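Every position in the sequence shown, counted from 1, becomes a number in the numbering used here once 14 is added.
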Amino acid sequence: MLVKSICCIGAGYVGGPTMAVIAKNNPNLKITIVDINSERIAAWNDSNLSKLPIYEPGLADIVKETRNKNLFFSTDINSAIDESEMIFISVNTPTKTYGKGKGMAADLKYIELCARNIADVAKTDKIVVEKSTLPVRTAEAIKSILHNTENDIKFHILSNPEFLAEGTAVEDLLNPDRVLIGGESEMAIESLAEIYGTWVTQEKILRTNLWSSELSKLTANAFLAQRVSSINAISELCEQTGANVNEVAKAIGMDTRIGSKFLNASVGFGGSCFQKDILNLVYIARTYNLNEVADYWEQVIIMNDHQKRRFSDQLIKTLYNTVSGKKIALLGWAFKKDTNDTRESAAIYVADHLLNEQANLSVYDPKVPENKILSDLNYLDTRTEEENKNGILCTSSPYDAIKDAHAIAIMTEWDEFKAYDWEKIYKQMKKPAFIFDGRSLLNKDKMNAIGFNYYSIGQ
Ligand code: UDX
Ligand code: ADP
Numbered sequence: 015m016l017v018k019s020i021c022c023i024g025a026g027y028v029g030g031p032t033m034a035v036i037a038k039n040n041p042n043l044k045i046t047i048v049d050i051n052s053e054r055i056a057a058w059n060d061s062n063l064s065k066l067p068i069y070e071p072g073l074a075d076i077v078k079e080t081r082n083k084n085l086f087f088s089t090d091i092n093s094a095i096d097e098s099e100m101i102f103i104s105v106n107t108p109t110k111t112y113g114k115g116k117g118m119a120a121d122l123k124y125i126e127l128c129a130r131n132i133a134d135v136a137k138t139d140k141i142v143v144e145k146s147t148l149p150v151r152t153a154e155a156i157k158s159i160l161h162n163t164e165n166d167i168k169f170h171i172l173s174n175p176e177f178l179a180e181g182t183a184v185e186d187l188l189n190p191d192r193v194l195i196g197g198e199s200e201m202a203i204e205s206l207a208e209i210y211g212t213w214v215t216q217e218k219i220l221r222t223n224l225w226s227s228e229l230s231k232l233t234a235n236a237f238l239a240q241r242v243s244s245i246n247a248i249s250e251l252c253e254q255t256g257a258n259v260n261e262v263a264k265a266i267g268m269d270t271r272i273g274s275k276f277l278n279a280s281v282g283f284g285g286s287c288f289q290k291d292i293l294n295l296v297y298i299a300r301t302y303n304l305n306e307v308a309d310y311w312e313q314v315i316i317m318n319d320h321q322k323r324r325f326s327d328q329l330i331k332t333l334y335n336t337v338s339g340k341k342i343a344l345l346g347w348a349f350k351k352d353t354n355d356t357r358e359s360a361a362i363y364v365a366d367h368l369l370n371e372q373a374n375l376s377v378y379d380p381k382v383p384e385n386k387i388l389s390d391l392n393y394l395d396t397r398t399e400e401e402n403k404n405g406i407l408c409t410s411s412p413y414d415a416i417k418d419a420h421a422i423a424i425m426t427e428w429d430e431f432k433a434y435d436w437e438k439i440y441k442q443m444k445k446p447a448f449i450f451d452g453r454s455l456l457n458k459d460k461m462n463a464i465g466f467n468y469y470s471i472g473q
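What follows is the structure, given as structure tokens:
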């Protein structure tokens, strides 16, 4: 099938950057990203590139280069579906918050709505590409909806999971370790391989069956998250034994069989994928009665929840067993550096715990605005919106956040935190001044020399 136009449903963290990079490398393809959220589309179309709804290093330049040339953002979903030969589904698949599989299974209602929308609108044959992370055999459901329309249009379903990490999305898309395409129709697989082939070498484009492709995505995220939980488990042991987790990580990481990546002990992993995908894996395993498999992967989540809780407990214990009425400054709210995404960020859970203990929180994050911080807390439903607003002060300067604070908790590894004037910060804090470094970002000896009581995960 000759693909001239592509439609991408979902203008989020996956759809936006992925389509921008495809557009950059395929100037002859017309790509339209559509979304039901008109505010989001307006932000993508904003002439002020700092207003793009997603912050990713390098993204604004590519959007500037391609927008309104071969990359378009629109709310007219039906027209975009109608005029495209290939349709990517990049909508969100959050964990279910109701009914069967609540808290575990992926909520596929947005995916199903997309499939139904495509079935209603399409007048010609289409290649439909699953881009969102999905449970294994979701393609079956999409296929069933698409193949039961009353016309004789042919739909070819592909699974093409996204492996980009936020904060490095553009780099990951430009230089992927691999591109995975799962499907049944060789014609459809090769049509998509040709698009990636404009900048990715053929050896890196893997072709598999649909189910292997879907399961590979969940497995990759489960393995990555498992490494973080494994090193975090060791971090607690380090604190008891006098070992230093960073030294242990370096020592084991130099074994080429283990490798050095994803061994940074932290306050806990966050992000939209790790927890959701593991819960999905656990749910699927339980559905097949594979209880040992399910328990094994569930432990990765249990360890992560423990690490977040342990961090805030340690802070409270060190501050003489009470934070009530004390000002605690959180530096960072995003789930990792170089992104404005806060989904499942450890900061949300640590803040919630400290608010339960009646701390007065101040928060500074270079990319996350106040309304996002408050809505993350409100979403937990632990207390009223007014109580959250009263308990938390969001500042646009780190120095305002730390002024007169009893303690600082470093929640995100933003580079700028390393460059701060820590002597000046020390002078402005209440004494004794405490730092709880959830990211091993600062130098312990240097901080102790300034006068701080410095605690870091696993040291
Ligand atoms: C992840 C996968 O890496 C990516 O391939 C997939 O497409 C989506 O999910 P992302 O969630 O964007 O990407 O970020 P990632 O870099 O994987 O980090 C996830 C979380 O783990 C972050 O909170 C990060 O701070 C934490 N982490 C990561 C650690 O705590 N220690 C590490 O060593 C690495
Ligand atoms: P991801 O990280 O998977 O990209 P996001 O939440 O950032 O997730 O983006 C998903 C986008 O998909 C949102 O902007 C949402 O409005 C959009 N979306 C969800 N359902 C539909 C739908 N049926 N039609 C069009 N857009 C949709």
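For every residue, glycine included, the Cβ atom is placed at its ideal position computed from N, Cα and C.
Being a predicted model, the structure only gives us computed values, none of them experimental.
I need the straight-line Cα distance from residue i to residue j, nearest angstrom please.
i	j	result
residue 45	residue 160	22 angstroms
residue 87	residue 194	26 angstroms
residue 357	residue 389	11 angstroms
residue 233	residue 179	15 angstroms
residue 355	residue 285	8 angstroms
residue 338	residue 418	15 angstroms
residue 297	residue 290	10 angstroms
residue 221	residue 197	8 angstroms
residue 280	residue 239	12 angstroms
residue 282	residue 469	16 angstroms
residue 248	residue 318	12 angstroms
residue 353	residue 327	27 angstroms
residue 378	residue 406	11 angstroms
residue 381	residue 167	45 angstroms
residue 431	residue 421	15 angstroms
residue 182	residue 404	35 angstroms
residue 71	residue 31	10 angstroms
residue 149	residue 120	7 angstroms
residue 203	residue 128	21 angstroms
residue 103	residue 433	41 angstroms
residue 69	residue 25	13 angstroms
residue 163	residue 392	42 angstroms
Alpha carbons only, please: which of the options is nearest the one belonging to residue i?
i	options	result
residue 139	109, 420, 254 and 171	171
residue 130	109, 101 and 116	101
residue 456	154, 286, 429 and 293	429
residue 465	472, 411 and 436	436
residue 424	349, 405 and 441	349
residue 295	32, 452, 147 and 25	147
residue 446	453, 439, 467 and 427	467
residue 451	461, 444 and 442	461
residue 242	228, 92, 453 and 84	453
residue 106	81, 449, 133 and 23	23
residue 252	28, 27 and 471	471
residue 334	371, 126 and 317	371
residue 363	154, 394, 385 and 71	394
residue 136	150, 91, 323 and 175	91
residue 228	216, 174 and 278	174
residue 216	223, 73, 190 and 237	190
residue 78	103, 35, 112 and 400	35
residue 373	399, 330 and 359	330
residue 165	134, 315, 157 and 52	134
residue 122	316, 155 and 132	155
residue 186	157, 73 and 236	73
residue 54	76, 75 and 27	27
**Q.** Pocket of the ligand UDX (residues with CB nearer than 6 angstroms to any heavy atom), chain order
**A.** So the residues near the ligand UDX by this Cβ test are 176, 177, 178, 179, 180, 235, 238, 242, 276, 277, 278, 280, 283, 284, 285, 287, 288, 349 and 350.
(Q) So within the region 39 to 100, which uninterrupted beta strand (DSSP E) runs reach at least 3 residues, ignoring any that extend past its ends? (A) If we require 3 residues or more, the beta strand (DSSP E) runs fully inside the region 39 to 100 come out as 44 to 48 and 85 to 88.
Q: Determine, using beta-carbon pairs with one atom in the region 15 to 29 and one in the region 98 to 116, whether at least three such pairs fall under 8 angstroms.
A: Flag = yes, the region 15 to 29 and the region 98 to 116 touch.
Q: Report yes or no: do three or more beta-carbon pairs, one from the region 343 to 359 and one from the region 398 to 418, lie closer than 8 angstroms?
A: Output reads yes: the region 398 to 418 touches the region 343 to 359.
Q: Count the C-beta pairs between the region 106 to 126 and the region 31 to 45 that are closer than 8 angstroms, then say yes if the count reaches three, no if not.
A: Short answer: they don't touch.
Q) Mind pulling the beta strand (DSSP E) runs of 3 or more residues that sit fully within the region 110 to 195? A) For the region 110 to 195, whole beta strand (DSSP E) runs of length 3 or above, ordered along the chain, are 140 to 144 and 169 to 173.
Q) In chain order, which continuous runs of the alpha helix (DSSP H) of length 4 or greater are located wholly inside the region 263 to 348? A) Residue ranges of uninterrupted alpha helix (DSSP H) with 4 or more members, entirely inside the region 263 to 348 and ordered along the chain, are 288 to 301 and 305 to 332.
Q) If you pair each beta-carbon of the region 204 to 215 with each one of the region 28 to 40, do three or more pairs fall below 8 angstroms? A) Cβ pair count under 8 angstroms is three or more, so yes.
Q) Are at least three pairs of beta-carbons, each pair with one atom in the region 301 to 310 and one in the region 264 to 276, less than 8 angstroms apart? A) The region 264 to 276 and the region 301 to 310 do not touch, with fewer than three beta-carbon pairs separated by less than 8 angstroms.
Q.
Quick check on the DSSP output: what are the complete alpha helix (DSSP H) runs of length 4 or more inside the region 367 to 438, in order along the chain?
A. The region 367 to 438 is shown to contain whole alpha helix (DSSP H) runs of 4 or more residues at 384 to 394, 399 to 405, 412 to 416 and 429 to 432, in chain order.
Q. Within the chosen definition, does the region 52 to 72 reach the region 141 to 155 through at least 3 CB pairs nearer than 8 angstroms?
A. No, because fewer than three Cβ pairs between the region 52 to 72 and the region 141 to 155 fall closer than 8 angstroms, the two stretches do not touch.
(Q) Which complete beta strand (DSSP E) runs does the region 187 to 237 hold, if anything under 3 residues is left out? (A) Here the runs fully enclosed are 193 to 197 and 219 to 222.
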